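There are 2 protein chains.
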Amino acid sequence: MSEKVDTLVTHAHLFTLQGDGVGYIPDGAVAIQGTRISAVGSTTDLMTRFQPKEMIDASGFAVLPGLIDAHMHTSWAVVRGVAQDVSNWMQAALAPYARHVTPSAALAGTRLNILEALKAGTTTLGDFSKPYPGWAEAFEGAGVRARLTPTINALQTGGMAGLKIGELYPLDPDVGQQAIDTALAFTQEWHGAADGRITTMLGPQGPDMISRDQLLQVKRLADKENLMIHMHVAQGDREINQMLKRFEQRTPEYLKELGYLDDQLLAVHLTEATDEEAALIARSGARMALCSGSIGIIDGIVPPAYAFREAGGLVALGSDQAAGNNCNNIFNEMKLTALFNKIKARDPEVMPAWEVLRMATIEGARAIGLGDQIGSLEAGKQADLILVDLSAPNLTPVLDAPIRTIVPNLVYGGSGHEVKTVLVAGRVLMREGEVLSMHESNICAEAQSEAEKVAQRVAADPIHNNMALLTAMKKGQM
Amino acid sequence: MSEKVDTLVTHAHLFTLQGDGVGYIPDGAVAIQGTRISAVGSTTDLMTRFQPKEMIDASGFAVLPGLIDAHMHTSWAVVRGVAQDVSNWMQAALAPYARHVTPSAALAGTRLNILEALKAGTTTLGDFSKPYPGWAEAFEGAGVRARLTPTINALQTGGMAGLKIGELYPLDPDVGQQAIDTALAFTQEWHGAADGRITTMLGPQGPDMISRDQLLQVKRLADKENLMIHMHVAQGDREINQMLKRFEQRTPEYLKELGYLDDQLLAVHLTEATDEEAALIARSGARMALCSGSIGIIDGIVPPAYAFREAGGLVALGSDQAAGNNCNNIFNEMKLTALFNKIKARDPEVMPAWEVLRMATIEGARAIGLGDQIGSLEAGKQADLILVDLSAPNLTPVLDAPIRTIVPNLVYGGSGHEVKTVLVAGRVLMREGEVLSMHESNICAEAQSEAEKVAQRVAADPIHNNMALLTAMKKGQM
Chain A
1 MSEKVDTLVT
11 HAHLFTLQGD
21 GVGYIPDGAV
31 AIQGTRISAV
41 GSTTDLMTRF
51 QPKEMIDASG
61 FAVLPGLIDA
71 HMHTSWAVVR
81 GVAQDVSNWM
91 QAALAPYARH
101 VTPSAALAGT
111 RLNILEALKA
121 GTTTLGDFSK
131 PYPGWAEAFE
141 GAGVRARLTP
151 TINALQTGGM
161 AGLKIGELYP
171 LDPDVGQQAI
181 DTALAFTQEW
191 HGAADGRITT
201 MLGPQGPDMI
211 SRDQLLQVKR
221 LADKENLMIH
231 MHVAQGDREI
241 NQMLKRFEQR
251 TPEYLKELGY
261 LDDQLLAVHL
271 TEATDEEAAL
281 IARSGARMAL
291 CSGSIGIIDG
301 IVPPAYAFRE
311 AGGLVALGSD
321 QAAGNNCNNI
331 FNEMKLTALF
341 NKIKARDPEV
351 MPAWEVLRMA
361 TIEGARAIGL
371 GDQIGSLEAG
381 KQADLILVDL
391 SAPNLTPVLD
401 APIRTIVPNL
411 VYGGSGHEVK
421 TVLVAGRVLM
431 REGEVLSMHE
441 SNICAEAQSE
451 AEKVAQRVAA
461 DPIHNNMALL
471 TAMKKGQM
Chain B
1 MSEKVDTLVT
11 HAHLFTLQGD
21 GVGYIPDGAV
31 AIQGTRISAV
41 GSTTDLMTRF
51 QPKEMIDASG
61 FAVLPGLIDA
71 HMHTSWAVVR
81 GVAQDVSNWM
91 QAALAPYARH
101 VTPSAALAGT
111 RLNILEALKA
121 GTTTLGDFSK
131 PYPGWAEAFE
141 GAGVRARLTP
151 TINALQTGGM
161 AGLKIGELYP
171 LDPDVGQQAI
181 DTALAFTQEW
191 HGAADGRITT
201 MLGPQGPDMI
211 SRDQLLQVKR
221 LADKENLMIH
231 MHVAQGDREI
241 NQMLKRFEQR
251 TPEYLKELGY
261 LDDQLLAVHL
271 TEATDEEAAL
281 IARSGARMAL
291 CSGSIGIIDG
301 IVPPAYAFRE
311 AGGLVALGSD
321 QAAGNNCNNI
331 FNEMKLTALF
341 NKIKARDPEV
351 MPAWEVLRMA
361 TIEGARAIGL
371 GDQIGSLEAG
381 KQADLILVDL
391 SAPNLTPVLD
401 APIRTIVPNL
411 VYGGSGHEVK
421 TVLVAGRVLM
431 REGEVLSMHE
441 SNICAEAQSE
451 AEKVAQRVAA
461 DPIHNNMALL
471 TAMKKGQM
C-alpha cells in the first residue's frame with residue numbers, strides 16, 4: 001500500500017548534502033508532502049513507496065537543496081552598477097545614491113533582487129535593511145524563505161554622504177533608540193510569519209555605528225527574544241579607523257570584551273580581520289557570512305574565511321548588494337569563493353567545489369541558525385530544492401566515473417541560468433524557467449522606472465559632483 | 001538617395017570600443033554590407049543614409065564587438081570537470097584522461113566548445129591543438145572566426161602520464177620535426193581560409209617541450225611565412241623546473257637570448273613570470289594571453305597581467321580549457337580578470353570594468369594581430385557583433401546619468417547567457433537565443449557520448465588509479 005504525497009521528484013542526479021560530503025544518489029528521488037520532505041532515496045524505491053499527486057521528472061537534472069544567501073541588501077538592487085572600481089566605495093560612490101533611494105525605490109529593488117536570486121536557485125534570502133512599507137511582504141508574496149534583519153544604527157539621516165573620508169560619524173542616541181524600537185516591533189510582527197518562512201534577526205549595522213551602551217542593549221534583547229544577531233564586523237578599513245578613533249580598540253577585541261562573541265552572532269564580512277582575529281571569532285561559536293564578490297569589488301580583499309573554517313567556524317555565503325557586487329547569485333559566490341581562496345593561499349586544493357557547495361547549502365543553513373530546517377534534502381526538512389539543467393552546453397558532458405564531474409561543473413562552469421525549477425516549502429515557484437510567483441517583466445519595469453527617478457534626484461543634488469566615477473564618465477570609459 | 005546595405009542594427013546602446021574608452025553611442029546603429037561594417041552612428045543618421053534588406057531592432061540591448069577568446073584548447077571540452085581542485089593538475093588529473101581523448105572525442109569537444117563560446121558572445125576563437133580530422137572544418141562550418149594553432153612539441157606519444165612529478169620529459173627530435181611539418185602543412189591549407197575567417201599561428205607548446213634547435217627552426221619559419229607564434233610561456237612551476245633542469249635558465253631569459261621576444265609572439269599565461277619578467281616581455285612588443293579562470297583553478301595564481309600592461313604590453317583574454325576552468329566564456333574571464341587583479345593589488349581601482357572589456361575586444365584583437373579587422377565597431381572592419389539583452393533581472397536597471405551602469409553591469413553582473421544575437425562577418429549565427437549555424441542538442445549529445453567512451457577507456461587503464469581526485473570520489477565529495 002503506497003503512501004499519498006503531493007509531489008515526487010524522480011530520476012535526478014540527487015545531491016542531498018547529507019553526511020560529510022555531497023550525499024550523491026544516482027537516479028534519486030524526493031517525496032514531498034505539504035511543506036516538508038517525506039523521503040529521499042532511489043527513484044525505484046520511492047516510486048514503490050509513494051503515490052504522488054504530481055510527478056516532476058528530473059531526468060538530466062541535478063537536484064540540490066535550495067541555495068542560501070545569508071547576507072543581502074536587496075533595496076540597493078535599484079542602483080545596481082552605480083558604484084564599483086573605486087576606493088572608499090561607501091562614501092565616494094554609494095552614499096550619493098543611497099540617500100535618494102526612497103521607500104518605493106527600495107521596494108522595487110527588493111522585488112528585483114528576489115526575482116534575480118530565485119531565478120539563480122536561491123531559496124533563502126538573508127536581507128538587511130531599514131524597514132520600509134512592503135519589505136517583508138515582498139518575500140512573503142514571492143514565496144521564498146527569508147531571514148530579515150532590520151538595520152539598527154545611530155547615524156543621522158543622510159548617513160555619511162556629507163562627511164570627509166575618515167571623519168568620525170556623529171552618533172545620535174535618539175536615532176539609535178528609535179531603530180532598536182523599530183527592529184523590535186518588526187521582529188514581533190514577522191518572526192515566524194508565513195508558516196515559518198519569514199524569520200528575523202537583530203542587526204546593529206556595525207559596532208562603529210552605534211554606542212557601546214546601545215550595542216549592549218541589542219545583545220540583551222537578542223538573548224531575551226532568542227534571536228540571532230546579524231552584524232557587519234571588521235567591515236573594511238573605514239570601520240576599523242572609526243573603532244580606533246572612538247573606542248581605541250579593533251573590532252574583534254571590542255566585541256570580545258562586550259560579550260558579543262557567541263553562537264548567536266552572524267558576523268558579516270570580517271574584511272579587515274586578521275587570520276588570528278577570525279580564528280578567535282570562530283572559536284567563540286560565532287558564525288561568518290562571507291561575501292566574496294562584493295568584498296572583492298569594493299575592497300580588493302579576500303576575507304579570512306579559510307582561517308575561520310580551519311578554526312572550526314561555520315561559514316555561509318552572501319551576495320551583499322548590487323551596487324558593489326552587481327549581481328546577487330550564489331553560483332557566482334560559490335565560484336568566486338573557491339577561486340579567491342585558492343589565490344589567497346596560492347594553493348589549488350584550497351576550497352574545492354564540494355566545500356563551497358556545502359557553504360551554499362548545509363553549512364550555510366547551520367551558520368544562519370536554520371540547520372534543522374533547510375540546507376540538505378532529508379525527511380522532515382522543508383522542501384526547498386532546485387532542479388539544474390545539466391544539458392546546457394557549459395555543463396556538458398555529465399560523467400559519473402571514474403571522476404564524477406557534476407559538482408565541479410556546477411561550481412566552476414555554472415552561472416545560475418541553468419536552474420529551471422525551484423520549490424520552496426513544497427511549492428513550485430519557478431517551473432521550467434518560468435517564475436510563477438512573481439511577474440518578471442513588471443518587476444523589471446518597476447525597478448527601471450524607480451531607478452530613473454533615483455538617478456534624477458542624484459543629478460539634482462550637488463553632492464553628486466564629488467562622485468569618483470564622474471571622471472570615468474567624462475573620459476568615455478562607461 | 002540612401003545606400004543599400006544588407007543589415008541595419010538600430011536603437012542600440014552601442015559600444016563601439018573606438019578611441020580610448022568604450023565608445024558609447026546612445027540610440028546607436030550599425031550598417032552592414034556583406035562581411036563588413038559600412039557605418040556606425042546614431043540610429044537617426046543611419047536610418048536616413050541606409051536602406052537595409054534586414055533591420056534588427058536592438059532596443060533594450062547593448063551592442064558590442066564580438067568577444068575574442070585568444071587561447072583555448074577546445075578538444076578538452078569533452079573532459080570538462082575531470083580535473084580541478086588538485087595540485088600538479090596536468091600530470092595528476094588531466095593526463096590520464098588526455099591520453100584517451102581520440103580524434104573523434106576531440107572533435108566532439110571542439111564542437112561543444114564552439115557552441116558554448118558562441119552562445120556567450122565569443123566570435124573569435126584562438127584554438128590550440130594537435131590537428132585532427134575535422135578540426136578546422138568545425139570552425140569553418142559554425143561560421144565563427146578562428147585563429148588556429150597546431151601544437152608543436154617533441155614529447156613522445158602518451159605525453160607525461162607515465163612520468164613522476166618533476167621528472168625531465170624525454171624529447172624526441174623526430175616527433176618534434178613531424179609536428180613542425182604537420183603545422184606547416186596545416187597552415188598552408190588553412191591560413192586565410194573561409195574568406196579570411198580562419199587564420200593560423202605556429203605553436204610550440206612550451207619552450208620546455210622542444211629542443212632549442214627546433215624552437216629556433218619554428219621562429220625562422222614564422223618569420224618566413226609571416227605568422228605569429230602562439231606559445232605557453234612560464235606556464236607554472238612545472239615548466240620552470242624543466243627549463244632550469246634542461247637549459248639552466250628561466251623561460252623569459254632563455255627566450256630573450258634566443259631572439260624569441262618580439263611582436264610576433266603571443267605569450268600565454270606567464271603564470272610563473274615575475275613582474276619584472278612580464279615587463280621585459282611586454283617591452284619587447286610581445287603580447288600576452290591571460291587565462292584568469294584557468295590559472296586560478298589550476299595554480300591558485302594571478303598572472304602578472306597588470307605589470308605587463310603597465311609596461312605597455314597588449315593583453316588578450318583566454319578561457320583555456322574546460323578540464324581546469326570548466327567553462328569557456330569571456331564574460332567569466334572579464335569578471336575574474338577584474339576581480340583577481342584587484343585582489344592581487346589589494347586595490348579596487350585596478351582593472352575597472354571598461355579595461356577588461358577592452359581586453360576582450362579591441363586590445364585583444366590587437367594582441368592577436370587582428371586589430372585592423374576586428375575588436376571594434378567601425379566602418380571597414382569585419383561585422384562581428386553581439387546583442388546583449390539588458391532586460392534580464394541581473395542587468396536591470398539601465399541608467400545613463402550621472403553614472404552609466406551598462407559596462408560595469410555587463411562585466412560584474414552578466415554571465416554570457418544574456419547574449420541573444422550574434423553576427424560574424426555579417427552573418428547571423430545566433431538569433432534571439434537560437435543558434436542557427438550549429439545543431440545544439442546533437443552537439444551536446446555527441447559530446448556526451450564521446451565523453452562516456454573516454455571515461456570507459458580511462459577506467460580500464462590502470463594509470464587512472466593514481467588520479468588525485470579518486471580520494472574525493474571515495475569520500476563522497478563529488
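For the record, the sequence lines run as chains A and B.
Going by the working numbering, the first sequence opens with residue 1, and the numbers climb by one from there.
Going by the working numbering, the second sequence opens with residue 1, and the numbers climb by one from there.
For glycine and all other residues, C-beta sits at the position ideal for the given N, C-alpha and C.
Just so it is clear, the structure is predicted and the values come from calculations on it, not from any experiment.
Check, Outcome
"Min CB distance R431(A) to chain B below 8 Å", "no"
"Proximal chain A residues relative to E349(B), where beta-carbon distance stays under 7 Å", "D85, V86, S87"
"Straight-line Cα distance separating S415(A) from S415(B)", "6 Å"
"T421(B) beta carbon near the ligand NAD (any heavy atom closer than 7 Å)", "For the ligand NAD, the structure offers nothing, since it holds no ligand at all."
"8 Å Cβ cut-off: residues of chain B touching W76(A)", "Within 8 Å Cβ-Cβ: nothing; W76(A) doesn't reach chain B, min ~12 Å."
"Cβ contact check for the segment 312-322 of chain B and the segment 351-362 of chain B: 3 or more pairs under 8 Å", "yes"
"Residue environment, E434(B), which counts as buried when at least 16 other CB atoms sit within 10 Å", "exposed"
"Whole-Å CB distance - G21(A) paired with K475(B), under 8 Å assumed", "6 Å"
"Beta-carbon gap between D299(A) and G285(A) smaller than 8 Å", "no"
"Beta-carbon separation (whole angstroms), T16(B) vs C444(A), contact threshold 8 Å", "Not confirmed; about 27 Å, so no contact."
"C-beta neighbour in chain A for F308(B), strict 8 Å", "no"
"Status (buried if at least 16 other CB within 10 Å, exposed otherwise) for Q382(A)", "buried"
"Contacting positions in the segment 93-125 of chain B - beta carbon closer than 7 Å to chain A", "L112, L115, E116, K119"
"With 16 other Cβ atoms within 10 Å as the buried cut-off, status of S376(B)", "buried"
"Pair within 8 Å by beta-carbon distance, Q205(A) and N153(A)", "yes"
"Cross-chain neighbours of C291(B) in chain A, by beta carbon under 7 Å", "The premise fails here: C291(B) is roughly 13 Å from chain A at the closest Cβ pair, so nothing lies under 7 Å."
"Close-in-space but distant-in-sequence residues of the same chain around N341(A) (CB under 6 Å, 5 per side omitted)", "Y306, V350, M351"
"Member of Q477(B), H439(B), T48(B), V407(B) whose CA lies at the smallest distance from the CA of R111(B)", "H439(B)"
"Counted within 10 angstroms of its Cβ, other Cβ atoms place P170(A) as buried (16 or more) or exposed", "exposed"
"Proximity test, Cβ basis, 8 Å: D237(A) and chain B", "no"
"C-beta contact flag for A323(B) and V79(B) at 8 Å", "yes"
"Beta-bridge partners of F61(A), as assigned by DSSP", "D389(A)"
"CB contact check: S391(B) to chain A, cutoff 8 Å", "yes"
"Neighbour-count burial assignment, A459(A), 16 or more Cβ in a 10 Å radius", "exposed"
"G41(A) - containing beta strand (DSSP E), residue span", "36-42"
"Cβ neighbour criterion (16 or more within 10 Å) applied to S59(A)", "exposed"
"V398(B) versus L390(B): straight-line alpha-carbon distance, rounded", "7 Å"
"Integer-rounded CB distance, given that I343(B) should sit under 8 Å from N325(B)", "At roughly 18 Å, the Cβ-Cβ gap does not stay under 8 Å, so N325(B) and I343(B) are not in contact."
"Identity of the residue in T44(A), P131(A), A108(A), K53(A) nearest N442(A) by Cα", "A108(A)"
"Contacts around L336(B), its chain only, beta-carbon distance under 6 Å, and the 5 residues preceding and following it disregarded", "S292, G293"
"First and last residue of the uninterrupted alpha helix (DSSP H) at R346(A)", "Looking at the DSSP string, R346(A) is not in any alpha helix (DSSP H), and its letter there is neither H nor E."
"Three-state secondary structure (DSSP) of G318(A)", "coil"
"Cβ distance (whole Å) where V388(A) is taken to contact F61(A) below 8 Å", "6 Å"
"Neighbourhood of G371(B) by C-beta, 6 Å cutoff - its chain only, sequence neighbours within 5 removed", "A365"
"Simplified DSSP assignment, three categories, for Y169(B)", "coil"
"Other residues of its chain near N329(A): CB distance less than 6 Å, five sequence neighbours each side excluded", "A120, G416"
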